[in-house]
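One structure is given below, encoded as structure tokens.
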Amino acid sequence: MANVWETVGLTKHEYETICQHLDRKPNDLELNMYGVLWSEHCSYKHSKPLLKHFPTKGEKVVQGPGENAGIIDIGDNKGLAFKIESHNHPSAVEPFQGAATGVGGIVRDIFSMGARPVAILNSLRFGNINSARTQYLIEGVVSGISHYGNCLGIANVGGEVYFDESYQQNPLVNAMCLGLVDLDKIKKGTAEGVGNLVMLVGASTGRDGIAGASFASADLEEDTESSRPQVQVGDPFMEKLLLEACLELIDNENVVGVQDLGAAGLTSACCEMAERSGTGMKINLDNVHLRERNMNATEIMLSESQERMLYVVKPEGVEDVKKSFKKWDLSASVIGEVTEDGIISMYHKGKLEGKIPAESITEGVPVRQPESKKPKYIEEMPKEPSSLGEFDHNKMWTDLISHPNVASKRWVYQQYDQHVGANTVISPGQNAGVFRIKGTNKGIGVTTDCNPQYPYLSPYNGGMNVVLEAYRNLSATGITPAAVTDCLNFPNPEDSENYWVYSNVIKGMAEATKILDTPVVGGNVSLYNEGPTHKILPTPVVGMVGIVEDIKKITTPAFKKEGDLLYIVGN
Amino acid sequence: MYTGKVTVQYRKGILDPQAQAVHSAVKSLGYNSVKDVEQRKEFCLKLDCENKEQAKNQLEEICQKLLANPAIEDYQFTVEEE
Amino acid sequence: MYTGKVTVQYRKGILDPQAQAVHSAVKSLGYNSVKDVEQRKEFCLKLDCENKEQAKNQLEEICQKLLANPAIEDYQFTVEEE
Amino acid sequence: MKFAVIVFPGSNCDKDAQYAVESLGHNCRLLWHKDTSLPKDVDCIILPGGFSYGDYLRSGAIARFSPIMEAVIKFAERGGLVIGICNGFQILLESGLLPGALMKNNSTKFICKRQKLNVANNSTAFTNKYKRNEEITLPIAHGDGNYYVSKDEYKKLKENNQILFTYSDNPNGSSFDIAGICNDKGNVAGMMPHPERAIEEILGGKDGAKVFTSIVKNFQGRV
Ligand SMILES: Nc1ncnc2c1ncn2[C@@H]1O[C@H](COP(=O)(O)OP(=O)(O)O)[C@@H](O)[C@H]1O
């Protein structure tokens, strides 16, 4: 029999740390909760020390990393909330639903901050375009994104699609969302005020996606069958209702804190909200609206059913919240209360099922510092470029423009609604997407970029280059770059060579964002992206946003008229 | 010629938003007697195969590869000679 | 309790783009034996009615009003006692 | 003249329609699908685009049973002006105010692009500001835009001049390239393309504005 800690993907040392935190052995529910929150996906235990390199402060930064999304000040009392997130492993198993729920998750992150989502982007990586599996994945992923995003009515303004053998077993699906919020109406994931009530709103809770966060933190096994129940079905219609109901409550002073339920469901929402405010919560699981009968406490706490949010509300506000959700035919139930003891206590059928100090589970994970070793392939790389020799220019030209990585991606973005909301000024297919801000002359530009060959060949310089490419895409459009969100897609960090690459890429990105004064206000880490025989190229996707004061001054790449002159600028 | 009938449905416990929406629409039309709604897809394929065995095997493969995603769906099928 | 099974399909002569897409996907997987694909929707409703007659009448109404669009679709149904 | 846009659960072009009408200088309010009556002073009702009820079952099939639809149907029967755009078109078909049905695009995929159209009839309440056979460009964005009408019904549409717009280069398999129609009385219209997304140069063109200015002109002519 496996050791108890192995059943939840933890090490012996981590298990012992839990015992110290609790001063006793965790029971099954508690252990499972630690297991998911201490997975790489939720705890960043391999990444925390590295992420410290990123600059996170700046004149415009209103909200840096740590909340559901970062926010920058764009003037006129308006904030731009934005974040990128991965849904790689679910998309490998069930491309349509995996990608769809990826969009759902990132959009909830934005509107949980009180921001109205106005634009989405997606950054995709697949293996060989000629393989039947890749075609199956593309078809599913693109229609999943299209299904969910279109139904929500959020304009797609850009993205990337890139093919390389290394993604054959482990495709990447990253989704980014941007929203607008009045600076004085930002909501946060806090649980202040002892005696305030905890409400669960939106969809019912089922057994789907239990322990999805640990799934995201493991290599994809050859037989994905065993990991199958971890995929959820998304309901974009439900999410649209949730979005409208949440935004209607934006002016309600009785709403204290809001958080979306993503990876690790109730477990992470309760623990994180309480930890941010130094409070605890007493949760009564009998009041959770269930979709299936006979769910036990562990299942309820770990379920990753989609389209749910957690609210902390003053007692006098409960009726308002219920009323708003009822208007949109959604359910909202009081499931607990904020306490001062800093402990999450969970009751089910009258019995105390578990007690966890919130801070120990969100902050108490021992940081892992794997060995770091310069990869052999880099050591062995020729120092001098080899000569191309004789070649046929015409052929090279046609090879280039017909390469799937260079050719038009219209066949993808034509499936996304690019104009809904009546704000899209530059739609996909250009250097960057641009949308206007109604009531002002301003526009926001945004791009996602990562050519993984550069970070692969030279991690530090390649990391810089990814940031620079995004910066150039915005500048070329006439946008002043302002801030960054990033999605770090890498293989298993426990491998010393992988870890060396990972840390150097981050250092390079950090250096570039510092010099360019584009602070990193949020992001996402997705490690363990490898299959039985292939591991992905290092893929640190950068989502960069910027502002243009006069929307009329933006530029697009197309030649405008005969006789115009061409210049090359730069070195 | 053989006729294959395939039924594909969500696995137990998986949320079916379509069926839910249909159920609440039925109720809002006043049919409170309706207690549950499930929805399935049915495919009907004509197979030009040598024998029933071959038709069954092919259909099984088609179901697995294309018609159902075992991550979230179950399927059943029958094959009849025409 | 009664179980009603409803099948909804496109009327004869109306091309179903989804069934066509499935057919060409099946062929591109190499199953050239497949000569035709049709796709239908199947609904399974649980009805808490007094008697079978009532269940049938209700189901007929639900089909006409909601489950099928008479401009393009036909439906059939059966009702069984549980 | 006063417009109203109905907000169904899942509508997502409701505010765009309101914005378009207001930018053109007219009054427009949003109405909730659970309302059972229309305000007395509404002159034109817009059923907006989006995914009412998630487009579950069939697009528009569930929304047509929204409480407000009874009032909309009565309003239409009395000769009131009603226009359904995209999902709104689907709802009008499902509720029987317009003939035909919308099916999945023949590619089975959602299509979003700028689409060339021909104005097939410029003497209706919805198209009188266009020139006859004028070629215009409007954005389309739909998964279920494949309009089906039987040959017999098509004949009637044709004879009564009910076809408003046709596609220049059929993007979705629609019967007879039809992109928009009206009823035989000429007061109810439905179209898949989005005129409300095409009223400003900065968003790529203004060809859609004339749908709304036509409605206003028609209304002023009536009063
Ligand atoms: N998955 C996608 N979703 C939306 N837009 C996309 C997607 N892939 C590519 N695009 C659009 O196509 C444009 C060109 O893509 P790409 O070839 O990666 O160009 P670049 O290297 O200049 O960013 C992108 O800027 C983007 O607007």
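Residue numbers (this note's numbering), protein chains in the order written: chain A, 1121 to 1691; chain B, 549 to 630; chain C, 549 to 630; chain D, 35 to 257. We put the CB at the ideal spot given by N, CA and C, even for glycine.
Just so you know, the alpha carbons of residue 105 (chain D) and residue 70 (chain D) end up roughly 7 Å apart. In the three-state reduction of the DSSP assignment, residue 612 (chain C) falls in the helix class.
Within the DSSP secondary-structure output, residue 182 (chain D) pairs in a beta bridge with D:135. Chain-order list of chain B residues neighbouring residue 96 (chain D): 569 and 573, by C-beta distance under 7 Å. Not one beta carbon of chain B lies nearer than 8 Å to the beta carbon of residue 1664 (chain A). The beta-carbon separation of residue 1210 (chain A) and residue 1260 (chain A), rounded to 11 Å, does not stay under the 8 Å limit for a contact.
A check of alpha carbon separations from residue 1644 (chain A) across A:1127, A:1184 and A:1129 identifies A:1184 as the nearest. Here residue 58 (chain D) carries a coil assignment [DSSP, helix/strand/coil]. Annotation for residue 597 (chain C): no beta strand (DSSP E) segment contains it, and DSSP assigns it neither H nor E.
One Cα belongs to residue 1157 (chain A), the other to residue 1650 (chain A), and the distance between them is close to 22 Å.
Chain B has no Cβ within less than 8 Å of the Cβ of residue 1669 (chain A). Between residue 1445 (chain A) and residue 1363 (chain A), the beta carbon gap of about 12 Å keeps them out of contact (Cβ cut-off 8 Å). Within the region 159 to 242 of chain D, the runs of beta strand (DSSP E) that reach at least 3 residues and sit entirely inside it are, in chain order, 169 to 176, 180 to 182, 197 to 201, 212 to 216 and 222 to 225.
Residue 1326 (chain A) carries a coil assignment under DSSP once its states are collapsed to helix, strand and coil.
Around the beta carbon of residue 1613 (chain A), a 10 Å sphere encloses 16 or more other beta carbons of the protein chains shown; the residue is thus reported as buried. In this structure, residue 1601 (chain A) keeps its C-beta atom at 8 Å or more from the C-beta atom of residue 1177 (chain A). Within the same chain, Cβ atoms closer than 6 Å to the Cβ of residue 1135 (chain A) are found at 1125, the five residues on either side in sequence being excluded. Residue 613 (chain B) reaches chain C at 577, counting residues in chain order whose Cβ is nearer than 7 Å. Following the DSSP letters along the chain, one finds residue 1430 (chain A) inside the beta strand (DSSP E) bounded by residues 1428 to 1433. With 16 or more neighbouring CB atoms inside 10 Å of its own CB, residue 1424 (chain A) falls in the buried class. Just measuring C-alpha positions, the residue of A:1258, A:1594, A:1167 and A:1359 sitting nearest residue 1627 (chain A) is A:1167. A:1581 is the residue among A:1561, A:1581 and A:1179 whose C-alpha sits nearest the C-alpha of residue 1570 (chain A). Residue 1686 (chain A) sits in coil when the DSSP states are folded into three classes, being neither helix nor strand. For the region 1533 to 1554 of chain A, the residues whose beta carbon sits under 9 Å from a beta carbon of chain D are, in order, 1533, 1534, 1535, 1536, 1537, 1538, 1539, 1540, 1541, 1542, 1543, 1544, 1545 and 1547.
Beta-bridge partners assigned by DSSP to residue 1464 (chain A): A:1401 and A:1476.
Within chain D, the residues placing a beta-carbon under 8 Å from that of residue 617 (chain C) are 92, 95, 128 and 135, ordered along the chain. Cβ-Cβ distances below 7 Å link residue 1492 (chain A) to 1616, 1619, 1620 and 1623 in the same chain, with the five nearest sequence neighbours on each side left out; the list follows chain order.
Against chain D, a Cβ distance below 8 Å from residue 566 (chain C) picks out 138 and 142.
In the DSSP assignment, residue 1271 (chain A) falls within the alpha helix (DSSP H) that extends over 1252 to 1272.
For residue 1366 (chain A), the number of other beta carbons within 10 angstroms of its own is at least 16, and it is reported as buried. Relative to the Cα of residue 1413 (chain A), the nearest Cα in the group B:601, B:624 and B:561 belongs to B:561. Apart from sequence neighbours up to five positions away, the residues of its chain that approach residue 1482 (chain A) with a beta-carbon distance below 6 Å are 1391, 1392 and 1395, ordered along the chain.
Taking 8 Å as the cut-off, the beta carbon of residue 551 (chain C) is found no closer than this to the beta carbon of residue 611 (chain C).
With respect to the 8 Å criterion, residue 1437 (chain A) and residue 1372 (chain A) are classified as neighbours on the basis of their beta carbons. Spanning the alpha carbons of residue 1592 (chain A) and residue 579 (chain B) requires a straight line of approximately 60 Å. Taking the beta carbon of residue 610 (chain B) as reference, the chain C residues within 8 Å of it are 574, 577, 579 and 582, listed in sequence order.
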